[in-house]
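Colleague: For the sequence shown, our numbering begins at 12 and goes up steadily by one. Positions of the beta carbon are idealized from the N, C-alpha and C atoms, including for glycine.
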Amino acid sequence: MKTLNNLLGALCLLLPVLATAQAPKVIRTTPENGARDVDPDLTEIIVVFDQPMRDKTWSWCGGGEQFPEIDGSPSFRNPTTAVLPVKLRTQHSYSLGINCPAATNFIGQNGMPAKPFPLQFTTGSGEKPALAVSNPNNAVAYRAVRDLILNKYSHYERTGTDWEKAFSDSEKWVLESPTPSEWGRRVAEVLGAAEDVHLYLLESETGKVYPTHRRNAVVNGDQGAVKLRLDGLYQPVDGLVAGNIEGIGYIGINTWGNSPERAVALDQLVQFAKQLPALIIDVRLNGGGSETGAREFAKWFITEPSVYSKNRYRDSSAEDGWTGTIERIIEPNPEEKRFDGKVILLQGPVCLSSNESFILMMKQSPNVTTMGAATGGSSANPKEHELPNGFTVVVPSWQ
């Protein structure tokens, strides 16, 4: 009973941290901040926030010559996307604010005003560039991306997108891309219908990433506040925080790496925690990484071999479009390398990919209780596919 009371006491001290709300922030704009030679025919300024916003309230700040002419009513296209209809002039500099010190009516559904964001851009002459100047292999590469989505992409049905139509409707627009970067951006926009963070493009030579989707997950914790409450704060490697609170061990793991240094540090922390009656493991800020590293740590807490996940690969040549099901099994450590005390595992919306798998591993132990908010899911096993125009497309391969 004393161990349970101590554990509950430690969690109560962390409850304000669990519920910490964060001010919304801008994660993407069209045009991009600082963009030059923006098409003056652009009719909408689009702002995407990192979390859902209140509808029908906004602050588009600014005025004078540098503020764009408004051509319609501002609106929200969806809970995270604000739209301002505009008429732009050629070769003109524009400046406006999304919230500002004097006006903060962009407000999240959590009641907090968005952080002010200044947006500046300059329009071009409006002259249309010659078509297909970026790379003669763009058409072949575009068809290759289409075939990968239709035949290899494991989550192609999830959003109900008609991919054949999406690629057909966008083909002319994509192939008119005047530069390689614009080709990557336009293809990424087509793939955005998948709403999948593991589906993206890379410019092979520069390594520039073209994401197709950004998650709007709200972090359900504040590790800075956690650190202030820990006794014996210890941070042996990046992304690893440890200490104790009310006599209960605490390990915060913000990413799953596979380096020897990280493995040794985690082993040492659990060895020390074996002297304590219980342990809190906090992976609320962890978006994934190496599943191998996650599995090695989870072995400390597993009591017997367990199936933690079942997966199948997309295979369009198979009768039902899939390979057979693969069982993924975690084996426990030897008895001398096990933590037998009670464990609370803190999770939340940021958790996905290999961290999702880690949480599934930990759920196989009778000593582990998960607590927090629903995870993000998204185990994907993404594979790289080189394209003939200098790009690589990364496509999730399993469910």
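1) At the level of alpha carbons, what is the spacing between N231 and Q33?
2) Please classify D207: is it buried, with 16 or more other beta-carbons within 10 angstroms of its beta-carbon, or exposed?
3) To the nearest whole angstrom, what separates the beta carbons of Y164 and E182, a pair I think is in contact under 8 Å?
4) Given a cut-off of 7 Å on the beta-carbon distance, is the pair Y221 and L210 in contact?
5) Could you tell me how far apart the beta carbons of V281 and F350 are, in whole angstroms, since I believe they sit closer than 8 Å?
6) Would you decide whether M382 is buried or exposed? Buried here means 16 or more other CB atoms lie within 10 Å of its CB.
7) Beta-carbon within less than 6 Å of T223's beta-carbon, same chain only, minus the 5 sequence neighbours each way: which residues are those?
8) In the DSSP output, which residue or residues are listed as bridge partners for C111?
9) Could you have a look at T133 and say whether DSSP puts it in helix, strand or coil?
10) Going by DSSP, what residues sit across from S320 in a beta bridge?
11) Could you tell me whether the region 327-346 touches the region 379-396, using the rule of 3 or more Cβ pairs below 8 Å?
12) Looking at the secondary structure, which residues open and close the alpha helix (DSSP H) in which V185 lies?
13) Under a three-way DSSP split, which group does N146 fall into?
14) On the premise that I341 lies in contact with S317, defined as a C-beta separation below 8 Å, what is that separation, rounded to the nearest angstrom?
15) According to DSSP, is F369 part of a helix, a strand, or is it coil?
16) Do the region 107-117 and the region 83-90 meet, that is, are 3 or more Cβ pairs less than 8 Å apart?
17) Tell me whether the beta-carbon of V354 lies closer than 7 Å to the beta-carbon of N322.
18) Exposed or buried, what is W311 when buried is set at 16 or more other beta-carbons lying within 10 Å of its beta-carbon?
19) Using a Cβ-based criterion (distance less than 6 Å to any ligand heavy atom), does E76 qualify as near the ligand FMN?
20) Could you check what DSSP says for R273 in three-state terms: helix, strand or coil?
21) With 16 as the cutoff for other CB atoms within 10 Å, does V275 come out buried or exposed?
22) Using the Cα positions of T40 and C72, report the straight-line distance between them to the nearest angstrom.
23) If I measure Cβ to Cβ from N392 and keep anything under 7 Å in the same chain, skipping five residues before and after, which residues do I get?
24) Taking the alpha helix (DSSP H) that Q358 falls in, what are its first and last residues?
25) For A93, report the span of its beta strand (DSSP E) as first-last.
26) Report yes if the C-beta distance between T266 and G300 is below 7 Å; otherwise report no.
27) Classify E367 as buried or exposed, calling it buried when 16 or more other Cβ atoms lie within 10 Å of its own Cβ.
28) Cβ atoms of S179 and A114: under 7 Å apart, would you say?
29) Work out the CA separation of L53 and G218 for me, nearest whole Å.
30) Give the single residue among T170, V185, Y261 whose Cα lies nearest to the Cα of N149.
Modeller: A quick look at the data gives this:
1) Here residue 231 refers to the residue found at position 220 when the sequence shown is read from its first residue. Here residue 33 refers to the residue found at position 22 when the sequence shown is read from its first residue. The straight-line gap from Cα to Cα measures roughly 9 Å.
2) Here residue 207 is taken as the residue at index 196 of the sequence shown, counted from 1. By the neighbour-count rule (16 or more Cβ atoms within 10 Å), D207 is buried.
3) Residue numbering aside, residue 164 sits at position 153 when the sequence shown is read from its first letter. Residue numbering aside, residue 182 sits at position 171 when the sequence shown is read from its first letter. About 18 Å separates the two Cβ atoms, so there is no contact after all.
4) For the purposes of this step, residue 221 is identified with residue 210 of the sequence shown, where counting begins at 1. For the purposes of this step, residue 210 is identified with residue 199 of the sequence shown, where counting begins at 1. Contact: no.
5) As a first step, residue 281 is located in the sequence shown; it is residue number 270 there, counting from the start. As a first step, residue 350 is located in the sequence shown; it is residue number 339 there, counting from the start. Under the criterion of beta carbons closer than 8 Å, V281 and F350 qualify as touching, at roughly 5 Å.
6) Within the sequence shown, residue 382 is the residue found at index 371, counting from 1. Label assigned to M382: exposed.
7) The sequence position of residue 223 within the sequence shown is 212, counting from 1. Within the same chain, A199, L202, G203, L210, Y211 come within 6 Å of T223 by CB-CB distance, once the 5 residues on both sides are set aside.
8) Sequence index remark: in the sequence shown, residue 111 carries index 100 (1-based). C111 is bridged to A114.
9) Position 122 of the sequence shown, counted from the first residue, corresponds to residue 133. Residue state, collapsed to three classes: strand.
10) Here residue 320 refers to the residue found at position 309 when the sequence shown is read from its first residue. Answer by DSSP bridge pairing, in chain order: R339.
11) No: the two stretches stay apart, fewer than three of their Cβ pairs being nearer than 8 Å.
12) Along the sequence shown, read from residue 1 onward, the residue named residue 185 stands at position 174. 174-186 is the span of the alpha helix (DSSP H), which, as asked, contains V185.
13) The residue given as residue 146 occupies position 135 in the sequence shown. Look at N146 here: in three-state DSSP terms it is coil, with no helix or strand label.
14) In the sequence shown, residue 317 corresponds to position 306, counting from 1. In the sequence shown, residue 341 corresponds to position 330, counting from 1. The C-beta separation of S317 from I341 comes to about 6 Å, placing the pair in contact by the 8 Å criterion.
15) Taking the sequence shown and counting its residues from 1, one reaches residue 369 at position 358. Secondary structure at F369: helix, using DSSP grouped into helix, strand and coil.
16) No, the region 107-117 is not in contact with the region 83-90.
17) Stepping through the sequence shown from its first residue, residue 354 is reached at position 343. Stepping through the sequence shown from its first residue, residue 322 is reached at position 311. Their beta carbons are not under 7 Å apart, which means V354 does not touch N322 by this criterion.
18) In the sequence shown, counting from the first residue as 1, residue 311 sits at position 300. Buried, by the Cβ-count rule.
19) Ligands are entirely absent from the displayed structure, and the ligand FMN is therefore not among its contents.
20) In the sequence shown, residue 273 corresponds to position 262, counting from 1. Per DSSP, reduced to three states, the secondary structure at R273 is helical.
21) Here residue 275 refers to the residue found at position 264 when the sequence shown is read from its first residue. For V275, the number of other beta carbons within 10 angstroms of its own is below 16, and it is reported as exposed.
22) Sequence index remark: in the sequence shown, residue 40 carries index 29 (1-based). Sequence index remark: in the sequence shown, residue 72 carries index 61 (1-based). In this structure, the straight-line span from the alpha carbon of T40 to that of C72 is close to 15 Å.
23) To locate residue 392, count along the sequence shown from 1; it is residue 381. In its chain, beyond the 5 residues on either side, P407, S408, W409 have a beta carbon closer than 7 Å to the beta carbon of N392.
24) Within the sequence shown, the letter at position 347 stands for residue 358. Here Q358 belongs to no alpha helix (DSSP H); instead the beta strand (DSSP E) covers 353-358.
25) On the sequence shown, residue 93 is found 82 positions in, with the first residue counted as 1. Run containing A93: 92-98, per the beta strand (DSSP E) assignment.
26) Your numbering for residue 266 matches position 255 in the sequence shown. Your numbering for residue 300 matches position 289 in the sequence shown. The Cβ atoms of T266 and G300 sit closer than 7 Å to each other.
27) Residue 367 sits at position 356 when you count from the first residue of the sequence shown. Counting Cβ neighbours within 10 Å, E367 comes out buried, since at least 16 surround it.
28) For the purposes of this step, residue 114 is taken as residue 103 along the sequence shown, with counting starting at 1. For the purposes of this step, residue 179 is taken as residue 168 along the sequence shown, with counting starting at 1. No; because the gap between Cβ atoms is not below 7 Å, this pair is not in contact.
29) For the purposes of this step, residue 218 is taken as residue 207 along the sequence shown, with counting starting at 1. For the purposes of this step, residue 53 is taken as residue 42 along the sequence shown, with counting starting at 1. If you take the alpha carbons of G218 and L53, they lie about 29 Å apart.
30) Counted from its first residue, the sequence shown places residue 149 at position 138. For N149, the nearest C-alpha among the options comes from V185.
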